[in-house]
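Before any comments, here is the structure.
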Amino acid sequence: MDRALATQPAVEAGTVQAIVRDLGVRGRRPALVAFCAEGAAQRWTYADLAAEVDRLARGLAAAGIGPGDPVAIGAASRPEPIIAALATIRAGAVVVPIDEQFSDRALAHVVVDSGARLLFTTAAEAERIAGLAPADLRIALLDAPDTDERGWRRLFGSGDAPFPDVAPDDRVALFYTSGTTGTPKGVPLTHRNVAFEIAAIRTARVVRDDDRVLLPLPVHHVYPFVVGMLMPLALGLQLILPHALTGPEVAAAMREGRVTLVMGVPRLYAALLDGIAGRLKARGRLVAGLFGGLIDFSTWLRRRTGLRIGSLVARPVVKQIGPDLRLLVSGGAALKPEIGWRIEGLGLCLATGYGLTETAPILTMGPPCRARPGSAGIPLAGVSLRIDPEGLQTDEDTVHRLAHLPAAVTVGEVQAHGPNVFAGYHNLPEETAAAFTDDGWFRTGDLGYFDADGYLWLLGRASTMIVTAGGE
21 MDRALATQPA
31 VEAGTVQAIV
41 RDLGVRGRRP
51 ALVAFCAEGA
61 AQRWTYADLA
71 AEVDRLARGL
81 AAAGIGPGDP
91 VAIGAASRPE
101 PIIAALATIR
111 AGAVVVPIDE
121 QFSDRALAHV
131 VVDSGARLLF
141 TTAAEAERIA
151 GLAPADLRIA
161 LLDAPDTDER
171 GWRRLFGSGD
181 APFPDVAPDD
191 RVALFYTSGT
201 TGTPKGVPLT
211 HRNVAFEIAA
221 IRTARVVRDD
231 DRVLLPLPVH
241 HVYPFVVGML
251 MPLALGLQLI
261 LPHALTGPEV
271 AAAMREGRVT
281 LVMGVPRLYA
291 ALLDGIAGRL
301 KARGRLVAGL
311 FGGLIDFSTW
321 LRRRTGLRIG
331 SLVARPVVKQ
341 IGPDLRLLVS
351 GGAALKPEIG
361 WRIEGLGLCL
371 ATGYGLTETA
381 PILTMGPPCR
391 ARPGSAGIPL
401 AGVSLRIDPE
411 GLQTDEDTVH
421 RLAHLPAAVT
431 VGEVQAHGPN
441 VFAGYHNLPE
451 ETAAAFTDDG
461 WFRTGDLGYF
471 DADGYLWLLG
481 RASTMIVTAG
491 GE
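Heads up: the sequence shown is residues 21 to 492, going by our numbering.
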């Protein structure tokens, strides 16, 4: 067994309920900007957001929703489902994010297995869900007018009675795996798991106090839910939501929202680079050749020497995409090294993250402007990782790659321990037992090794699971 590697001790973290409770202390500071059709935008201050969350949370409490009760939410990344999720947490209940792309079979399993008593969704999905869900499941429509009895605002309540407090080890969310290789597994995360992640990211200084964060991802996955939604709001940042998760709408939100930081996945950044290449070609062969050559040189220089000249040579091009853009955060799947280096060559900072739903989600991070494209980064503060070479089994491609590593490198399964690691799967004791070692370390199922500087490098899966560039 290789030695365990860890960074400095993590900062103390409370509960996510406390984070939601304190949203209103930021008053008139901008919280949410949601772009609508034709460039219009809805805006919420932190005071507005906190008031809306409080009204819905009181309505949930009046309806009998309290600590430990599962509340399912199946909708796109818009203010309404975000408010519903925050209100659920405020009431002490458990958020169950649902992927709208689930098959009927998977969706029916999730609703029944989670025990959800209430489900927030849209009118377009309500009919399908109603035909699959138990008869006693209440459905609230997030896009219904106030006159509709099923409208979510019909749940709003009032009063000033205190909400029941939750403990750090109480559940805050129940995520389900995509189910592409079988029945979705429920992954419960506690307040401790998630609050620790938020505190650790704060310690890592990934964000600045004045950042405007673009969230172009659906929040049914743990990465956009925790890192893309909860973390910016917990730190008092401004969260920018595009009208739709399409290229033109994301680009418009980036420009008009004057976004400084993007929480994305590799597929988004590949599309971003394609868009920049397209803009250069549209200027003509001479301009495209000039700027393309300069960017190629900047990328080479950054990769070979560490020097950063991209902000000088590529600024006119990047400014058209995002005039204030400074940092791209990539998670959910592995980012191809050539894409990472190209981003750095453009003068932008890159931060990468690696983890799993079971780890809430981040285990390692490639620090902003110090990321090494191709590497998974260094352990997050307070997270311990180790490499277990016992019983190593790899496919032919991985064996070929191992042959090129230094002899001193220890390769094996990446195993994790820390406050962000979940305690076990929902209603699946056998799968839970298989997910942990005898001494309590979580088995990620990923193969990797550490280099001399403590950066983790992944070599593939120990199973046949494939993670797409979109994070699925």
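Cβ atoms here follow ideal geometry from the backbone N, Cα and C, with glycine treated the same way.
Inset, instruction - Measuring alpha carbon to alpha carbon, tell me which of Gln435, Ala401, Arg390 ends up nearest proline 409. - result: Gln435
Inset, instruction - Have a look at valine 40 and isoleucine 149 and give me their C-alpha separation to the nearest angstrom. - result: The alpha-carbon atoms of valine 40 and isoleucine 149 are separated by roughly 29 Å.
Legend entry - Ordered list of beta strand (DSSP E) runs contained in the stretch 220 to 292, each at least 3 residues: 232 to 234, 258 to 261, 281 to 284
Legend entry - Three-state secondary structure (DSSP) of threonine 509: The structure shown does not extend to residue 509, since the chain is modelled only from 21 to 492, so the question has no answer here.
Inset, instruction - Could you check which residue in Pro208, Thr319, Trp172 has the C-alpha nearest to that of isoleucine 159? - result: Trp172
Inset, instruction - Let me know the secondary structure DSSP gives alanine 308 once reduced to three states. - result: helix
Legend entry - C-alpha distance - leucine 257 paired with arginine 232, whole-angstrom precision: 6 Å
Legend entry - Identity of the residue in Val429, Val242, Ala453, Met251 nearest leucine 194 by Cα: Check the Cα spacing between leucine 194 and each of Val429, Val242, Ala453, Met251: the tightest is with Val242.
Inset, instruction - Leaving out five residues on either side along the sequence, give the residues of the same chain with a beta carbon under 7 Å from the beta carbon of valine 246. - result: Val214, Glu217, Ala380, Pro381
Legend entry - Host beta strand (DSSP E) of glycine 465 (start-end): Element bounds for glycine 465: 462 to 470.
Inset, instruction - Report all residues from its chain with a CB closer than 7 Å to the CB of arginine 222; omit the five preceding and five following residues, and keep chain order. - result: Leu255
Inset, instruction - Could you tell me the boundaries of the alpha helix (DSSP H) in which leucine 76 lies? - result: Per DSSP, leucine 76 belongs to the alpha helix (DSSP H) from 66 to 82.
Inset, instruction - In angstroms with no decimal places, state the Cα-to-Cα distance between arginine 191 and alanine 136. - result: 14 Å
Inset, instruction - Put glutamine 435 into one of helix, strand or coil per three-state DSSP. - result: strand
Legend entry - Start-to-end residues for the beta strand (DSSP E) that takes in aspartate 408: 404 to 408
Inset, instruction - Could you tell me which residues DSSP pairs with arginine 158 in its beta bridges? - result: Its beta-bridge partners are Leu138.
Legend entry - Check whether tryptophan 461 and arginine 406 have beta carbons under 8 Å apart: Against a cut-off of 8 Å, the Cβ pair of arginine 406 and tryptophan 461 comes out as a contact.
Inset, instruction - Output the boundary residues of the alpha helix (DSSP H) element that contains proline 449. - result: 449 to 455
Legend entry - Segments assigned alpha helix (DSSP H), at least 4 residues, entirely inside the stretch 322 to 360: The DSSP assignment places 330 to 333, 335 to 341 as complete runs of the alpha helix (DSSP H) inside the stretch 322 to 360, in order along the chain (cut-off: 4 residues).
Legend entry - The alpha helix (DSSP H) enclosing leucine 175, as first and last residue numbers: Leucine 175 -> no alpha helix (DSSP H), and no H or E assigned at all.
Inset, instruction - Report all residues from its chain with a CB closer than 6 Å to the CB of alanine 24; omit the five preceding and five following residues, and keep chain order. - result: Because alanine 24 carries a pLDDT of 45, less than 50, the predicted location of this residue cannot be relied on, and the following value inherits that uncertainty. Excluding residues within five positions, the ones whose Cβ falls inside 6 Å are Ser404, Arg406.
Legend entry - Sequence-distant residues of the same chain with beta carbon closer than 6 Å to isoleucine 45, five excluded per side: Note on identity: in this sequence residue 45 is valine, with isoleucine being the wrong assignment. Answer for valine 45: no residue qualifies.
Legend entry - Proximity to asparagine 440 [Cα-Cα], best of Pro393, Gly480, Thr384: Thr384
Legend entry - C-beta atoms of alanine 511 and histidine 263 nearer than 8 Å: Outside the modelled stretch of the chain, which goes from 21 to 492, sits residue 511, for which no answer is possible.
Inset, instruction - Taking only the alpha-carbon atoms, compute the straight-line gap between glutamine 28 and alanine 401 and give it to the nearest angstrom. - result: With a pLDDT of 43 at glutamine 28, under the threshold of 50, the modelled position of that residue is not reliable, and the figure given next carries that caveat. So the alpha carbons of these two residues sit roughly 6 Å apart.
Legend entry - Touching by the beta-carbon criterion (3+ pairs, under 8 Å), the stretch 351 to 358 and the stretch 331 to 343: As far as the Cβ criterion goes, the stretch 351 to 358 does not touch the stretch 331 to 343, which means the pair count is below three.
Inset, instruction - Answer yes or no: do leucine 327 and valine 36 have a C-beta to C-beta separation smaller than 8 Å? - result: Against a cut-off of 8 Å, the Cβ pair of valine 36 and leucine 327 comes out as no contact.
Inset, instruction - With a 10 Å radius around its C-beta and 16 neighbouring C-beta atoms as the bar for buried, classify histidine 211 as buried or exposed. - result: Histidine 211 should be labelled buried.
Inset, instruction - Check whether the stretch 104 to 117 touches the stretch 84 to 94, taking contact to mean three or more Cβ pairs, one atom from each stretch, closer than 8 Å. - result: yes
Legend entry - Among Leu292, Leu345, Glu269, Leu76, the one whose alpha carbon lies nearest that of phenylalanine 183: Leu76
Inset, instruction - Using the Cα positions of arginine 303 and threonine 167, report the straight-line distance between them to the nearest angstrom. - result: Take the alpha-carbon of arginine 303 and the one of threonine 167: they are about 52 Å apart.
Inset, instruction - Going by CA-CA distance only, name the one from Glu450, Ser97, Val73, Gly465 that's closest to valine 270. - result: Considering only alpha carbons, the answer is Ser97.
Inset, instruction - Would you grab the beta carbon distance between threonine 197 and proline 204 for me? Rounded to a whole angstrom, and I think it's under 8 Å. - result: 5 Å
Inset, instruction - Compute the Euclidean distance between the alpha carbons of serine 318 and glycine 284, then round it to the nearest angstrom. - result: 23 Å
Inset, instruction - Specify, as a first and last residue, the run of the beta strand (DSSP E) that leucine 106 falls within. - result: It is not in any beta strand (DSSP E) - leucine 106 instead sits in the alpha helix (DSSP H) that spans 99 to 110.
Inset, instruction - Using alpha carbons as the reference points, say which of Gln340, Gly373, Ala272, Asn447 lies closest to alanine 60. - result: Ala272
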